[in-house]
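Asks:
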Amino acid sequence: MQRDWTVEDLGTHTFLVHGTEHGDRVDVEVGLDPSFIDGLGLSGVPDEHIVDATVAYLLEHQRLDELPAEVDLEVVAAAYDDFADRLRTGLQAG
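Numbering (our numbering), first residue to last: 660 to 753.
Here it is in structure tokens:
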């Protein structure tokens, strides 16, 4: 998938994803919990890569403007059974 968004580091494991949908700017805040990341076995992966992979995964299921204003990985993992495995596989392969 072509990356049509940018990621801004807000500090403390929080990122703002900027993109456009139908010509309108869309911002989505993505929060990362370090203990959850550790539990996934991704503690050495840069946070921005995790955010990119998460957004790419979510955009397979819905448009950017359909995402909630705030996204937490734990919620995504609870909603999509294959998310954690796909995230691990994608980040370890890349």
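Note that the Cβ used here is the ideal one computed from N, Cα and C, for glycine as well.
#1: In this structure, what does DSSP give as the bridge partners for threonine 665?
#2: Given a cut-off of 8 Å, decide if glutamate 680 and aspartate 724 are closer than it, judged by their beta-carbon atoms.
#3: If you follow the alpha helix (DSSP H) that aspartate 683 is part of, which residue opens it and which one closes it?
#4: Do isoleucine 709 and leucine 717 count as a contact pair if the criterion is CB distance below 8 Å?
#5: With aspartate 706 as the anchor, note down where its alpha helix (DSSP H) starts and where it stops.
#6: Are the CB atoms of aspartate 663 and glycine 682 within a distance shorter than 8 Å?
#7: With glutamate 729 as the anchor, note down where its alpha helix (DSSP H) starts and where it stops.
#8: Rounding to the nearest angstrom, what Cα-Cα distance links aspartate 705 and glutamine 751 in this structure?
#9: Given that a residue counts as buried once 16 or more other Cβ atoms are within 10 Å of its Cβ, and exposed if not, what is methionine 660?
#10: Could you give the residue range of the alpha helix (DSSP H) that holds glycine 698?
Replies: In short:
#1: His677
#2: yes
#3: Where aspartate 683 is concerned, there is no enclosing alpha helix (DSSP H), although the beta strand (DSSP E) around it starts and stops at 683-690.
#4: no
#5: 706-718
#6: no
#7: Here glutamate 729 belongs to no alpha helix (DSSP H); instead the beta strand (DSSP E) covers 729-731.
#8: Contrary to the premise, residue 705 reads as proline rather than aspartate in this sequence. Answer to the nearest angstrom: the Cα atoms are 12 Å apart.
#9: The pLDDT assigned to methionine 660 is 47, lower than 50, so where the model puts this residue is not dependable; a value taken from the coordinates is nonetheless given after this. With fewer than 16 other Cβ atoms from the protein chains shown falling within 10 Å of its own Cβ, methionine 660 counts as exposed.
#10: Under the DSSP assignment, glycine 698 falls in the alpha helix (DSSP H) whose first and last residues are 693-698.
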